[in-house]
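Q: Chains as they are written, first to last, in our numbering: chain A, 1 to 981; chain B, 982 to 1398; chain C, 1399 to 1489.
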Amino acid sequence: MSQPHRRQAGGHIDRARRLAFTFDGRRFEGHPGDTLASALLANGVRLVGRSFKYHRPRGIFSAGVEEPNALVELREGARREPNTRATVVELFDGLVAGSQNRRGSLAFDWMAAAGLLAPWLGAGFYYKTFMWPAAWWERVYEPMIRRAAGLGHASGMPDPDRYEAAHAHCDVLVVGAGPAGLAAARAAGATGARVILADQDVLLGGDLLNEPGLEAWRHETLSAIAGMPEVTVMPRTTVFGFYDQGVLGAVERVADHVPEPPPHTPRQRAWTIRAREVVLATGAHERLIAFPGNDRPGVMLAGAARGYARRHGVRAGESAVLFATHDGAYDAAFAMAEAGARIVAIVDPRQDSAAMQRAREAGFDIRTGSEVCGTVGLTALRGVSVRGVGAAGRGDAFAADLLMVSGGWNPAVHLASMSGAPLAWDEALLAFVPGAPVQRERSAGACRGVHGIGAAAADGAAAGHAAAEAAGFVAMPAFPLPDAPAADCRPCELWEVKGRGKAFVDLQDDVTAADIRLAHREGFSHIEHAKRYTTHAMGTDQGKTGGIVGAAVLAEARGEPVSRVGLPRFRPYAAPIAWGAMAGEGVGKHFQPTRRTALHGVHEALGAAWLDAGIWKRPAYYPRPADADAWASVLREARAVRERVGICDVSTLGKIMVEGPDAATFLDRVYANTFSTLPIGRARYGLMLRDDGIVFDDGTTSRIGPESWFVTTTTAQAGPVMQHLEFHLASAWPDLDVSLASVTDQWAAIAIAGPRAREVVAAVVQGLDLSNEAFPFMAVADCTAAGVPARLFRISFSGELAYEIAMPAGYATHVWQAAMEAGATHGIEPYGMEALGLLRIEKGHVAGPELNGQTTAQDLGLGRMLKKKGDFIGRVLAQRPGLTDPSRPRLVGLRSVDPARQIRVGSHLVLPGGDGRSQGWITSVTRSVVEPGWIGLGMLREGEARIGSEVLAANPLMGEEVPVRVVSAHMHDPENIRVRA
Amino acid sequence: MAGYSGFRILLEGLRGNSGWHQAWRKPEPSPTYDVIVVGGGGHGLATAFYLAEVHGIRNVAVLERGLIGQGNTGRNTTIVRSNYLLPENNNFYEHSLKLWEGLEQSLGYNVMMSQRGVINLFHNDAQRNAAIRRGNSMRLNGIDAEILDREGVKAMCPIVDLDNGRYPVMGGLMQRRGGTARHDAVAWGFAHAADARGVDIIEHCEVTGMILAGGAIQGVRTTRGEIRAPKVGLAVAGHTSTLTEMAGFRVPIETHLLQAFVSEALKPLIDCVVTFGAGHFYISQSDKGGLVFGGGLDGYPSYGQRGTLPEAEHVYAAGVSMIPALGRLRGLRSWAGVMDMTPDGSPYICRTPLRGLYMTAGWCYGGFKATPGSGWCHAWTIAKDEPHRLNAAFTLDRFREGRMLDERGNGPFFWAQ
Amino acid sequence: MLRIPCPHCGARDEAEFAYRGDATVTRPGPDGDIAAFHDYLYARTNPRGWQVEWWQHSAGCRAFLKVLRHTVTHEVRAVANAAETLEVPPA
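1. If we cut at 8 Å on Cβ distances, does W1081 (chain B) have a partner in chain C?
2. Is there a C-beta anywhere in chain A that falls below 8 Å from the one on L1399 (chain B)?
3. Going by C-alpha to C-alpha distance, which of B:L1066, B:I1017, B:K1212, B:C1358 sits closest to N1110 (chain B)?
4. Output needed for M1 (chain A): all residues of its chain with C-beta closer than 7 Å, excluding positions within five of it in sequence on either side, in chain order.
5. Going straight from the alpha carbon of T221 (chain A) to that of A184 (chain A), what length do you get?
6. Quick check on the burial criterion: 16 or more other C-beta atoms within 10 angstroms. Buried or exposed for N772 (chain A)?
7. Label K617 (chain A) either buried or exposed according to how many other C-beta atoms from any shown protein chain fall within 10 Å of its C-beta, with 16 as the threshold for buried.
8. Residues of the region 1424 to 1435 of chain C in Cβ contact with chain A at a cutoff of 7 Å, in chain order, please.
9. Indicate the three-state DSSP secondary structure (helix, strand or coil) for S708 (chain A) in the structure shown.
10. When the Cα atoms are used, what is the spatial distance from S968 (chain A) to Y1263 (chain B)?
11. Pop quiz: L1247 (chain B) and G1270 (chain B) are said to be a contact at Cβ under 8 Å. What is the actual Cβ separation, rounded to whole angstroms?
12. Pull up the CB-CB distance for V1301 (chain B) and A583 (chain A), whole angstroms please, since I reckon it's below 8 Å.
13. Taking 8 Å as the threshold (C-beta atoms), are V1217 (chain B) and G1020 (chain B) in contact?
14. In this structure, does DSSP put S370 (chain A) in helix, strand or coil?
15. Would you say L1400 (chain C) lies against chain A (beta-carbon separation less than 8 Å)?
16. With a floor of 3 residues, list each beta strand (DSSP E) that falls wholly inside the region 584 to 639 of chain A, ordered by position along the chain.
17. Does the pairing of the region 554 to 569 of chain A with the region 1302 to 1310 of chain B give three or more beta-carbon distances under 8 Å?
18. Do three or more CB pairs link the region 1311 to 1329 of chain B to the region 1151 to 1168 of chain B at distances below 8 Å?
19. Could you tell me whether the Cβ atoms of V239 (chain A) and A467 (chain A) are closer together than 8 Å?
20. Determine the DSSP secondary structure at Q766 (chain A), reduced to helix, strand or coil.
21. In this structure, does DSSP put Y803 (chain A) in helix, strand or coil?
22. If you follow the beta strand (DSSP E) that T1203 (chain B) is in, where does it begin and where does it stop?
23. Give the secondary structure of Y1440 (chain C) by DSSP, where H, G and I count as helix, E and B as strand, and everything else as coil.
24. Along the chain, where does the beta strand (DSSP E) that runs through T1028 (chain B) open and close?
25. Should R1418 (chain C) be flagged as near chain A, meaning a C-beta pair shorter than 8 Å?
26. Could you work out which residue in B:Q1266, B:N1105, B:L1078, B:L1044 is closest to G1159 (chain B) when comparing CA atoms only?
27. Name the DSSP bridge partner or partners of Q1266 (chain B)?
28. Hey, quick one: how far does the beta strand (DSSP E) through R684 (chain A) stretch, first residue to last?
29. Using a Cβ cut-off of 8 Å, which residues of the region 1454 to 1472 of chain C contact any Cβ in chain B, in chain order?
30. Which of the three DSSP states is assigned to G206 (chain A) in this structure?
31. Roughly how many angstroms separate the alpha carbons of H970 (chain A) and G844 (chain A), rounded to a whole number?
32. Within the 8 Å Cβ cut-off, does L1044 (chain B) reach chain A?
33. Note down, in chain order, each residue of its chain lying with its Cβ closer than 8 Å to the Cβ of R996 (chain B), except the 5 sequence neighbours on either side.
34. What residues from chain A crowd round S1222 (chain B), counting only those whose CB sits closer than 8 Å?
35. Would you give the residue range spanned by the beta strand (DSSP E) that P434 (chain A) belongs to?
36. What residues in the region 1257 to 1290 of chain B have a beta carbon less than 7 Å from any beta carbon of chain C?
Pasting the structure below:
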């Protein structure tokens, strides 16, 4: 029969529709409104998982996020999600789930043999053994442990779904939409405040969903809230963390309730919510009691059984025992009886109470002054043993297939604690409740120990009012609150029933009360130590049901009250969150933005091979069919520059306008060399140091007008240089009248280099005399290029006669094409980053690999640039002995002795016949077009003195050792004749 | 005290595990010691252990404000490696790694040192070149390093997406002897072994002041009274400045916070430690099955031991970008530690301006792997009143002298290391 | 998440800002020697409590701001322009 444990009517279940699903390959049916857990229970599936360490059979224990046992692998293939709590999975048609952490079938898991070894597998046993022989840890012991440990299997396949990040602001955030949260949202919303009401459930109402008699109030409240335009209701949204300054993180499950997300829909959405005021109405988690066999499938939290009966119309068992320490749990017995189950007995350590009276009147068998001391059954509960409190022996046996347990309620204080609020011990509730707030938050309802729907709603309404008022809104008249009698949730103190057999305080990680005592015996007596030593409360449920019980067992062992032992510190996340949701949409291709120059399309049309320079895409080289390999392309391009003319996109260089009466003074201070003497219309190579005397950046900077300068930076340091200039202007020299503007994106730039560059540029640029006399090396002038406004620089990175044309980025393609046309007769070729690198290495120009944040101006042979007079950033600390030490490695050129033998960047330079110690390293390498063979730049101790000698380029990583000759870094045209041609 | 062994576990299992005793005693502090070590984290406990074990100095107290191992020792991503560029660093960390390799046997405690391999991925020529320079520096100093091509990365860590859409993986620098250890067990193991050698480990004993005379330290004032010793070593990373302020001098340290994260437990998925080169992200899997991962600093000074969302989002995004299969897994918990950040990213193990006061500090966020090496060198420096050659460069004065150990060239910015 | 009230733009997320060091140290003038620059660049009080810091609103107006912030609670109590002075309250 389908769903034998389903009630005929009642609950928030749409019985008219059937949803098919499978669990461990078996087909079942459920209904809309079910969770996977409720549907499994409806079908009589009791055994759903295996525990972490002993592989004990486990059933559904709760009805919410606190579930320690019923973890399944949900979905198949790339969408498989391990460790998914069946209790929070909304059932959908076609759902596929499987049990996990088992070897063999769920019913016959041979890893359960671990249970026989339990005396030797107590808390922390692994710290005391597996040490000999040492090599066996990685080879034998650890692989064994790792295979046995873990819970579910990850798919190992890329997640096919998409996630989004979203942002929200509100005056009042209400977390939790139970009676307190609903009332708080309504109260705050009525004031006109912007309110967000978030709840992890699909249906709002919390415990109201278990109270058919209050359905009218729930509906009326929801429709009142729906009528408030400033209130946003966010179901299926788990608020997972409370961060500084009123910022909370939440995850909205947009499409987890369907087999796969519809097109253009993310699976989940991660919200960053900035709230002026926060009302926490997160409810409470029921707590377990540690007694032998308290983990048997069929042992369930009382409130969960009640919820399955009332909300889902499912009997979690047919013959039930209730083991409770407070009146608040008794409604579970009534709910089960209503649902048609037999109440075998109610076991209560107390002697009398109001709830007991009513239960007795209802004809239930009440065992007062009693406790459950054992359970019977293998993979499902068959019976319960009951005895007088503290009595010895096995007690009386009751046949039952459901044991409902309630040791009281743990207020869900996670978010309050994360907000910084201390926790306070409530002696009546035997629980920690939030203390005085640190941030602008307040708790309401069960999460601060106010139990009962009526009381919680009243508390919530007050909190909602207070929050709205604190946010500057005026409170509005009251609204009707539900009238419901509250049962007394103050438990009598019973944490553990001692007896033979394992009494678990942490069901998921198999931590027993005995483990906690062992930890104490070994000195791990503080809750934080005990937690780490035993793994108590470290599972996916983070001890929501048993954390306090473990603390109580520890307290008893220490002979101190629980309040002194306390709980481990609460940290994010209040519930586990999908990795993909936290990651958002900025992953894979979008992990970082892709920055393209204005000429990107030109390079694409030329078939460029690309390289990543930071976030920029730059052409590496432009392959042609005739090129045998990449080197052939690079050498061809470089040769074109050396012999004819080449064209290159240099738009990525940082460009900063520096203007103002004090601009020259400012540049003199930020550059190690002098700029104030530079005439208008001239550029100068500049070197910037950091304050610690290390080289920061280089570039050519031009004087455009009396108070107007155009600074260029390397591509990599464009941002840092801008920040460096802004910082010093603001912090060190606020008296200087200087303005800065980054214009990197506004200006594109094209280098035209080679012996015939002048002819090409002359054909493109109008209005300038390009003769050497009129426009010499380092000249700068505004001009018109191909009919558009431009600026021409006669500067050279390649070591050839060269110009750079800068133009508004929108004209870049136009000017490039004009230059290509003008250069056609001169054999112009576009060249990419690789050829650019080749050319500058031949010329001995330093770049990123040499300006690596570890080198001084002297190291790079640029010491003469440092001005002798006047202050500049880095001047003082560059004089420290460690930086002026003559034994520091210096920049040299290197040439492979055998031109055919490749040398590599990252090889270290060692002396032939020496001790093998590194004397330096190779920073840049290329093949040369001037004198074929492999050349490079490097840093070498006593570099100048070694020019002319041979050293070895040692690359033990790749098993290479290549003789190289030390040469001047300036291998090509050291007299700078060509650039001045 | 009887040691730990498989045999003893067998025996105790048969008699209800009733014979286990405290892993370390809980003594009352004596009024005087030969050496006081302030800080009961891994570094402080290791200092005490090596003082006793190597130098025969057993009249030692470790003073811990709270519980041992609850600071950065208990809140890191447990990675152990010695894959540094600068010889001063790689020689030190290699010494530390060698101590790790025999640590279980030295301590008689299983710290689960697992040499699973550490791979640093690179994604472009510049990164590859830097990796080769670093790997060769290691090899020339006798440290194991291998360069992996894409296939090599795939073989070691098949779950990494080599073509991640933005920055394809070019290869990796691997140190096969690197790996992970069980962080809590390191503190407990050093405590257990130091205690067995006579060291007093005194928890809940906060140092509130220093007793100074004639430019030298005489002892400390604590919440449990004055305790005197001619030599005091500080091992309080994250809080070094607070202690040196009591001693009357400032140090080049800014305290920043670093978040770390763990996923739900899973069956074996990632066998090695792997770091992303295109964003700050590193990940490994613990023996319990949780994926342990982290990234960079939040970027502002903090003693708050809690992080904020933007950096966490970056870490998760980098994770999915490197391993798209992570998307459907779940983050379980995040926490943060407070780090002594230095202006060059390298530590201090040295004497201080105050005679008799020593420190191991400035560990940035590389302190865990340094634990045994730091303790060993700190103990040496205290015992001999001069540094060992392995820590000779780790001085406070190196910034006055311009002898920075700036491993990555990031400059004098605490938050950029 | 830190929220920093930029005097020019209003309250913004920390992600828009970049921390740029202790704002209580002053860069020495042209006469500063190695010791003075050492203290400026390296020596830090690193307080556990209130601290005045440089933050740049780098993804906003780009102003360098002085921010009075608590290094334990992360509370931001005051924000000022670069030229202004912020007093550190007693611990």
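For glycine and all other residues, C-beta sits at the position ideal for the given N, C-alpha and C.
Note that the structure is a prediction, hence the values are computed from the model and not measured.
A: Taking the coordinates as given:
1. no
2. In the structure displayed, chain B extends from 982 to 1398; residue 1399 (chain B) sits before or after that span and is not available.
3. B:L1066
4. Annotation note: pLDDT 45 at M1 (chain A) (below 50); position unreliable, coordinate value reported separately. Around M1 (chain A): no qualifying Cβ.
5. One Cα belongs to T221 (chain A), the other to A184 (chain A), and the distance between them is close to 11 Å.
6. exposed
7. Under the 10 Å beta carbon count, K617 (chain A) is surrounded by 16 or more other beta carbons and is classified as buried.
8. Those residues of the region 1424 to 1435 of chain C placed with their C-beta closer than 7 Å to a C-beta in chain A are R1425, P1428, G1430, D1431, I1432, F1435, ordered along the chain.
9. strand
10. Rounded to whole angstroms, S968 (chain A) to Y1263 (chain B) spans 41 Å at the Cα level.
11. 5 Å
12. About 4 Å; that satisfies the 8 Å criterion.
13. yes
14. Reduced to three states, the DSSP call for S370 (chain A) is strand.
15. yes
16. 609 to 613, 616 to 621
17. no
18. no
19. no
20. strand
21. strand
22. 1197 to 1203
23. coil
24. Element bounds for T1028 (chain B): not the beta strand (DSSP E) but the alpha helix (DSSP H), 1023 to 1036.
25. yes
26. B:L1078
27. B:L1272
28. 683 to 689
29. R1467, T1469, V1470, T1471, H1472
30. In the structure shown, G206 (chain A) sits in a helix (DSSP, three-state: H, G or I).
31. 4 Å
32. no
33. none
34. Those within 8 Å of S1222 (chain B) in chain A number zero; the least Cβ separation is about 21 Å.
35. Counting along the chain, the unbroken beta strand (DSSP E) around P434 (chain A) starts and ends at 431 to 434.
36. G1280, Y1281, P1282, S1283, Y1284, G1285, T1289, L1290
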